[in-house]
């Protein structure tokens, strides 16, 4: 059975979408992600779509489902690599990726996930007072 | 999906810019999914149009599926029978310049979309 590989990067999972998602593949990805998030106590899911030059409402719906699943399992979702033409089309399609963070690339995305994690665990600002 | 590849190639041939090409291929993707999932498969034809000065690309999606009982409803955003975002038909309509849908319950559906340069 074909499945999208899920890589582990620290406390986060990385998924790179490079092929067209048909129903079975999307469902398998959702199942696999749910499984891995829980099994590995992942804190974040990073979806890299820099290889996609087309995102339709079905794929958009899949992202929303992934983000919803992650949220329920206490993980953050970031989508990276959205091409400008894809972004414009998503707006015109009326697809809102509400509640999903986005970033330019994997590096930026990881930064967002790290910062979200720090915020979540209450890492605050440490002020040193020099006398 | 071959439909997207073909559409993309023709759109480029017809000298659409990248954004127009993306919109056209995305609309084609929506309709192709519908044809496959609900129409039980079907056919699509692509046509480069020339109307005086302007050029365009027309795609016609045909299926002999169950048809759409409530077209008005199906075109509204949020309506979905397939677990998507329900924006397929309405979305495709928004992305293209021309959109027409003909459907007879029990016989099939034909959707024609056109984008002009």
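Protein chains in written order, with this note's numbering: chain A, 7 to 137; chain B, 383 to 499. C-beta atoms are modelled at their ideal positions from N, C-alpha and C, and glycine is treated no differently.
Item                                                                                                                                                           : Value
If we call anything under 8 Å between Cβ atoms a contact, is residue 84(A) one with residue 125(A)?                                                            : no
Could you tell me the alpha carbon to alpha carbon distance between residue 40(A) and residue 75(A), rounded to whole angstroms?                               : 7 Å
For residue 140(A), which of helix, strand or coil comes out of DSSP?                                                                                          : Residue 140(A) cannot be examined here, being either before or after the span of chain A that is shown, 7 to 137.
Please confirm whether residue 497(B) has its beta-carbon closer than 8 Å to some beta-carbon of chain A.                                                      : no
Judging by CA-CA distance, which residue of 452(B), 488(B), 428(B) and 494(B) is the nearest neighbour of residue 422(B)?                                      : 488(B)
Is it true that the CB of residue 456(B) sits closer than 8 Å to the CB of residue 471(B)?                                                                     : yes
Considering only residues of the same chain and omitting the five flanking positions on each side of residue 65(A), which have a CB-CB separation below 7 Å?   : 27
Keeping to the same chain, check which residues put their C-beta closer than 7 Å to that of residue 453(B); ignore five residues upstream and five downstream. : 483 and 485
Expressed to the nearest angstrom, what Euclidean distance is found between the alpha-carbon atoms of residue 16(A) and residue 38(A)?                         : 18 Å
So is residue 6(A) in contact with chain B if we call contact Cβ pairs under 8 Å?                                                                              : Nothing about residue 6(A) can be reported from this structure: the residues present for chain A run from 7 to 137 only.
Closer than 8 Å by beta-carbon distance: list the chain B residues that pair up with residue 95(A), in chain order.                                            : 401, 404, 405, 408 and 477
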